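A.B. asks: Have a look at this one before I ask anything.
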Amino acid sequence: MLTTRLFAVFVALLALAGLSSAAAREPWSAPKKTDSRSPCPMLNAMANHGYINKTGVNIALGDVIRVLESDTIGYPSMISFLHPMFVGLWVKFNPNKNVDLEAFDVFDHDASLTRQDFALTGHRGVDKELVAQLLAQANGKGYLDYDDLARARQLRYAQSKAANPKFHFSLIERFMAMLESITLMEIIGENGRLPVDITRDFLLHERLPLKWKPHKWDISFYGVAFYRRLILFSIKTYTVGPHSHKTDEL
5 MLTTRLFAVF
15 VALLALAGLS
25 SAAAREPWSA
35 PKKTDSRSPC
45 PMLNAMANHG
55 YINKTGVNIA
65 LGDVIRVLES
75 DTIGYPSMIS
85 FLHPMFVGLW
95 VKFNPNKNVD
105 LEAFDVFDHD
115 ASLTRQDFAL
125 TGHRGVDKEL
135 VAQLLAQANG
145 KGYLDYDDLA
155 RARQLRYAQS
165 KAANPKFHFS
175 LIERFMAMLE
185 SITLMEIIGE
195 NGRLPVDITR
205 DFLLHERLPL
215 KWKPHKWDIS
225 FYGVAFYRRL
235 ILFSIKTYTV
245 GPHSHKTDEL
């Protein structure tokens, strides 16, 4: 299960990197009730924009690779760093190579920033009130920074732990939550700022907002910087503040 969850994290990271490097943006359309969708907004955006099958069903490795290898124009993207590992994991843990997005429930965890705990609601859809709560952490300045994200993570942890008698947030869930927050900031945001209007559009509608622009990275530097931010953000979230979850709970 641990390995499967780690594999799912890599899928999400590569989905984010692939879309952010795509040369042309495909039109967006809302999913139908019969379409398959995951708890990951970026994988869902891939389907909603038609980068992969809009139904979210029977997604093949080649469908994802096509997005990952989109024209990057300029610096190499994060794809070149993770691509070989991603292909190996997909083939190893999905021997049939085809999956439905709904099957990626390994993305789901308690204390999500945008989704209620599955044990409380029985579904994994985006919660508008939680999105509003997240964006309210900007306190009127128009963007979220890392302090705001850390505060939002602490708040959701406290809320979920208080409301959910089946609350579960082990080390792997903590790691995934941190990775999701950092990736959201790095891909949808830029230079440590996550614009409120762009983030609202992305999270509520699971689409690439018109005001959002793709990023390019120098891979020789990006990997080190990314993991440095991950470590610092984890320390900030889990050890500081009134809602922090101390390391002795790990």
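Residue numbers (my numbering): 5 to 254. Glycine included, each C-beta is placed from N, C-alpha and C at the ideal position. Predicted model, so just to flag it, every value in this text is computed and none were measured.
For M180 and A156, what's the separation of their Cα atoms in angstroms?
C.D. replies: 15 Å
A.B. asks: Buried or exposed for D121, please, with buried defined as at least 16 other CB atoms from any protein chain shown within 10 angstroms of its CB.
C.D. replies: The residue in question, D121, is buried, as its Cβ has 16 or more Cβ neighbours within 10 Å.
A.B. asks: May I ask you to list the residues that DSSP assigns as paired with I63?
C.D. replies: V103
A.B. asks: Would you identify the three-state DSSP class for E133, choosing helix, strand or coil?
C.D. replies: It is helical.
A.B. asks: Over the uninterrupted alpha helix (DSSP H) stretch that includes A156, give me the two end residues.
C.D. replies: 150 to 167
A.B. asks: On the three-state DSSP scale, how would you describe R204?
C.D. replies: helix
A.B. asks: Buried or exposed, going by whether 16 or more other CB atoms sit within 10 Å of the CB of R119?
C.D. replies: buried
A.B. asks: Beta-carbon within less than 7 Å of E30's beta-carbon, same chain only, minus the 5 sequence neighbours each way: which residues are those?
C.D. replies: H53, G54, Y55
A.B. asks: Using C-beta distances below 7 Å, list every residue in its chain close to I192, excluding the 5 sequence neighbours before and after it, in chain order.
C.D. replies: So the list reads L198, I202, T203, F206, W216, once near-sequence residues are dropped.
A.B. asks: Going straight from the alpha carbon of L159 to that of N57, what length do you get?
C.D. replies: Computed Cα separation, rounded: 36 Å.
A.B. asks: What is the residue span of the alpha helix (DSSP H) that F173 lies within?
C.D. replies: Premise fails: F173 is in no alpha helix (DSSP H) and is neither H nor E.
A.B. asks: Report yes if the C-beta distance between Y231 and G196 is below 8 Å; otherwise report no.
C.D. replies: no
A.B. asks: Reducing DSSP to helix, strand and coil, say where L188 ends up.
C.D. replies: L188 falls in the helix class under three-state DSSP.
A.B. asks: Would you report the Cα separation of S174 and I239, rounded to the nearest angstrom?
C.D. replies: 16 Å
A.B. asks: How long is the line joining the alpha carbons of L139 and A154, rounded to whole angstroms?
C.D. replies: 12 Å
A.B. asks: Quick check on the burial criterion: 16 or more other C-beta atoms within 10 angstroms. Buried or exposed for P45?
C.D. replies: buried
A.B. asks: Under 8 Å between the Cβ atoms of L236 and V135?
C.D. replies: no
A.B. asks: Do you know offhand how far A166's Cα is from L124's?
C.D. replies: Roughly 12 Å separates the two Cα atoms.
A.B. asks: Roughly how many whole angstroms lie between the Cα atoms of K36 and T59?
C.D. replies: Across the structure, K36 and T59 are spaced so that their CA atoms are roughly 8 Å apart.
A.B. asks: Using the rule of at least 16 other Cβ atoms within 10 Å of the residue's Cβ for burial, across every protein chain shown, is H113 buried or exposed?
C.D. replies: With 16 or more Cβ atoms within 10 Å of its Cβ, H113 is classed as buried.
A.B. asks: Would I186 and R128 qualify as a contact pair, given that the criterion is a beta-carbon distance under 8 Å?
C.D. replies: no
A.B. asks: Count the other C-beta atoms from every protein chain shown that fall within 10 angstroms of the C-beta of L3, then say buried if there are 16 or more, exposed otherwise.
C.D. replies: The chain is shown from 5 up to 254; residue 3 falls before or after that span and cannot be answered.
A.B. asks: So what does DSSP say about M89, is it helix, strand or coil?
C.D. replies: Only weak support is given to the placement of M89: the predicted model assigns it a pLDDT of 47, under 50, and the question is left unresolved by the model.
A.B. asks: How would you write the range of the alpha helix (DSSP H) that N48 sits in, first residue to last?
C.D. replies: 45 to 52
A.B. asks: For V130, which residues in the same chain have their Cβ closer than 8 Å to its Cβ, ignoring the five residues on either side in sequence?
C.D. replies: P45, T118, R119, L207, L208, E210
A.B. asks: Identify every residue that forms a DSSP beta bridge with P199.
C.D. replies: Note: P199 sits in a beta bridge opposite Y147.
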